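Notes follow once the structure below has been shown.
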Amino acid sequence: MRHGLGLLALACATLGAALAHATVIGPSMVEDAAVLGEGFPAKLSDFGFFRDAARQKPDEFVFPYALNTPLWSDGADKLRFVYVPEGTQLEADGEGLLRFPVGSAIIKTFAFGEGADRRLIETRVLLHRANGWVALPYRWNAEQTEATLALAGGRIDLTTPAGEAISYAIPNKNQCKTCHSIDNKVVPIGPKARNLSPAWLGQMAKQGVLDTVPAVTQHLPVWAARKARDPAEPLARAYLDVNCAHCHQPGGGASNSGLDLRWEQRDTHAFGIGKRPVAAGRGAGEYDFAIVAGHPDESILLYRMASSEPGIAMPELGKASVDREGVAMVRRWISEMRR
Amino acid sequence: MNRLALAALLLASAAPLAAETHRVEAGEGGGTRLQETLILAAPGDVIELAEGRFALTDGLSLDVDGVTVRGAGMDKTVLDFTGQQGAGEGLLVTSDNVTLRDFAVENPKGDGIKSKGADMIVYSGIRVEWTGGPKATNGAYGIYPVESTGVLVTNSKVSGASDAGIYVGQSRDITVSENIVTYNVAGIEIENSRNALVTNNIASKNTGGLLVFDLPGLPVMGGGNVILRENIVSDNDTPNFAPPGNIVASVRRGTGVLVMANDGVLIEGNAFENNPTAHVMVIAYTQPFEDARYNPYARNVIVGPNAFGRGGDDPQLDGKEQLLEAFGGALPPVLWDGIEEDGNGLKIAPGVTGWTLNLTKSGQSLAEAQPGPLMLTPLEKWEFPEVGAPAALEARLK
Chain A
1 MRHGLGLLAL ACATLGAALA HATVIGPSMV EDAAVLGEGF PAKLSDFGFF RDAARQKPDE
61 FVFPYALNTP LWSDGADKLR FVYVPEGTQL EADGEGLLRF PVGSAIIKTF AFGEGADRRL
121 IETRVLLHRA NGWVALPYRW NAEQTEATLA LAGGRIDLTT PAGEAISYAI PNKNQCKTCH
181 SIDNKVVPIG PKARNLSPAW LGQMAKQGVL DTVPAVTQHL PVWAARKARD PAEPLARAYL
241 DVNCAHCHQP GGGASNSGLD LRWEQRDTHA FGIGKRPVAA GRGAGEYDFA IVAGHPDESI
301 LLYRMASSEP GIAMPELGKA SVDREGVAMV RRWISEMRR
Chain F
1001 MNRLALAALL LASAAPLAAE THRVEAGEGG GTRLQETLIL AAPGDVIELA EGRFALTDGL
1061 SLDVDGVTVR GAGMDKTVLD FTGQQGAGEG LLVTSDNVTL RDFAVENPKG DGIKSKGADM
1121 IVYSGIRVEW TGGPKATNGA YGIYPVESTG VLVTNSKVSG ASDAGIYVGQ SRDITVSENI
1181 VTYNVAGIEI ENSRNALVTN NIASKNTGGL LVFDLPGLPV MGGGNVILRE NIVSDNDTPN
1241 FAPPGNIVAS VRRGTGVLVM ANDGVLIEGN AFENNPTAHV MVIAYTQPFE DARYNPYARN
1301 VIVGPNAFGR GGDDPQLDGK EQLLEAFGGA LPPVLWDGIE EDGNGLKIAP GVTGWTLNLT
1361 KSGQSLAEAQ PGPLMLTPLE KWEFPEVGAP AALEARLK
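Chains as they are written, first to last, in the working numbering: chain A, 1 to 339; chain F, 1001 to 1398.
In structure tokens:
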């Protein structure tokens, strides 16, 4: 039995026609033509992903999710959703990226501020079309009533939760791809089974949105739930996987660096220990190696994470300030390494 | 005529859409308009940049095959990145069959123009310049094609790069011709690449003029079949201003040509003048490495006939005074570390003179050097493969 209308039908069958008026699960309002068509819809509302976009209340077929360890973007709050059209399913693929059917979409809204002060800044959509994924950025208006296509990206002055005034960059369409690409094809990054909670995976499978609950040896740690004495290695490796490995892996945007920061990479040289820079330029600072075990202050990787200056700062896109908590975790991991 | 109307006209014949030309003016919002045009271009389109300065706050990128981006001239159309706030380079190209010509990129915070996995690319009449002169805070590479097959860089100028002015990395079938590279740490660098022709360039006032490297630990290795022919390599005496940690930070001020760990390099017909450390230096990779795929030796390096002028007279080398005294005031033009694999190291044409450190293994300390004159039997003739970019790239500029 399929989710959505299928569940509604099931409810009707078991509980009788008396419940047929149930509107808990109604027909989807998503415009599949906007998701699947060739064009770039001008407004976020053209997709119909949200019943109430300003409050980020999604359509019935648009499912919120969270990542155990999320990408850090100047401290933005992120509201994540997947749209899975009626009659289709996500498919598990081991602990890696879930397989998305054509016609599905991934939606991520970036917001700053708490409670009533929350401002939606941008919503990025990844559309799975017949000939591949397309990534588009939408910028929210000041009235918070609509987000419009920002093909060329844009900048907005804001203050981060850490209190820093920054010029926040909305990526342009090509920059979306800079991160979301393997072998020059656009791909999703976040929804890997290992970075999703077992509870969410179970719920999705139960609703029929996901074909089966994938077996995962080790889920990435839940970053927000970490405690001071938790071992640094899994947290740091998860952080690097999520924040860096979309480029720093074979086939990724920074493949030519030879640095591979994926969670599953076990070769210590490949993930930076004793690895010399290749094309780092002044990003190398005064240092010789990506990571010097036991010496965070001699490690290029940490030097670049701790910078917000273009040409030095890593990641190159999506950050205007420094993630102090991320830096602290990677620092602890490198410090604790035996030489 | 707009594309849709044209499409309707052409529908009957089912011919492909004709390429359009999009003109982008400089001035207010120019950066945004240019980026939008780069995104919305269709394969085959021409993007024409008007004369003037485009002030950019973010990196630009192109991901559409077959697009030509053409300015009004390298001194007339300027993409000015002085106020850049984000991205790792000025312009990033990730699509194939792209032609970039006749515009300038000034003061990018990172690299100038990078093309990655962008096959069959042409750079022609491009200027990349850090206008404050040589500084460690300048970006690393001016023109930076990497992981590409079919690369032509021609008629361009790069100045001020804190690594290499023109850097071709992990690529194949390359021609770098008729460029002027000045005040960079390395003028032109061919790294981990095969089948490269570097010809008719002027490399002057860099720390090192022309570099041919093979480095370990990269996805693409096995660099070789490189020809350096008929270049002018002069006055490369700018003190090294590369940030420490980068491989080029080890380049000695005053190096004309540096070959490090490569298989098949031919150096012929060049004019060398006033490179105070060495006109030509041929060495093995100097640092420890763990990569089993890597060969650290300089193999099959041929120094053919070249015009060697004054040089080697103020070398940035330990024991400089004794060396100069021993060699009569100036070192001979070719410096070899003496390290070779199976007797397959350096070869010279008749009349080429040099000196050797007489080292024997890769990574050996310079303190163990036993300098002496180069005593090699000259080659009367040799065979070397024809290399370079596919002719179609040059033809595109006609």
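Every residue, glycine too, gets a C-beta built ideally from N, C-alpha and C. Note that the structure is a prediction, hence the values are computed from the model and not measured.
Beta-bridge partners of S167(A) (DSSP): D157(A).
In terms of Cα proximity to G326(A), the closest of A236(A), L301(A), G274(A) and G253(A) is A236(A). Short of 6 Å from the beta carbon of I1180(F), and not among the five residues preceding or following it, lie these beta carbons of its own chain, in chain order: K1157 and I1202. Take D230(A), set aside five residues on each side of it, and no residue of its chain has a beta-carbon closer than 6 Å to its own.
Taking 8 Å as the CB threshold, L301(A) stays off the interface with chain F. The Cβ atoms of A1186(F) and S1148(F) do not sit closer than 8 Å to each other. Three or more Cβ pairs drawn from the region 1117-1131 of chain F and the region 1089-1104 of chain F lie within less than 8 Å of each other, which places the two stretches in contact. Inter-segment contact for the region 1272-1281 of chain F and the region 1328-1336 of chain F is present: three or more beta-carbon pairs are separated by less than 8 Å. Any Cβ of chain F closer than 8 Å to the Cβ of S307(A) would place that residue at the interface, and such an atom is absent. Taking one beta carbon from each stretch, the region 1300-1307 of chain F and the region 1315-1327 of chain F have fewer than 3 pairs nearer than 8 Å; the two do not touch. Under a criterion of Cβ atoms nearer than 7 Å, no residue of chain F is adjacent to T148(A); the nearest Cβ is some 13 Å distant.
Cβ contact annotation for V1248(F) (same chain, cutoff 8 Å, sequence separation greater than five): D1163, A1164, V1185, A1186, E1189, T1207, G1208, L1211, N1240 and A1242, in chain order.
Residue environment: R1070(F) is assigned as buried (16 or more neighbouring CB atoms within 10 Å of its CB, all protein chains considered). When secondary structure is reduced to three states using DSSP, A116(A) falls in the helix class. Comparing alpha carbon positions, the residue from E309(A), T268(A), G251(A) and I334(A) closest to S299(A) is I334(A). Fully contained in the region 1151-1229 of chain F is no alpha helix (DSSP H) run of length 4 or more.
Rounded to the nearest angstrom, the gap between the Cα atoms of G311(A) and R282(A) is 7 Å. Using a CB distance cut-off of 8 Å, R282(A) counts as an interface residue toward chain F. The three-state secondary structure of E1129(F), taken from DSSP, is strand. Rounded to whole angstroms, the separation of the alpha carbons of D1065(F) and A1019(F) is 12 Å. Contacts with chain A at 8 Å (Cβ-Cβ) do not include E1028(F). Judged by their CB atoms, D1080(F) and N1107(F) are nearer to each other than the 8 Å cut-off.
Only residues of its own chain outside the window of five on either side were considered, and among them I1302 have a CB closer than 6 Å to the CB of W1382(F), listed in chain order.
The Cβ atoms of G1083(F) and K275(A) lie no closer than 8 Å to each other. In terms of Cα proximity to I1232(F), the closest of G1222(F), S1250(F) and T1182(F) is T1182(F).
Buried is the label assigned to T109(A), since at least 16 other Cβ atoms lie within 10 Å of its Cβ. The beta carbon of R155(A) sits closer than 8 Å to some beta carbon of chain F. R1023(F) is a Cβ neighbour of A1050(F), given a cutoff of 8 Å. D1163(F) reaches chain A at G281, counting residues in chain order whose Cβ is nearer than 7 Å. The alpha-carbon separation between I166(A) and I121(A) amounts to approximately 13 Å.
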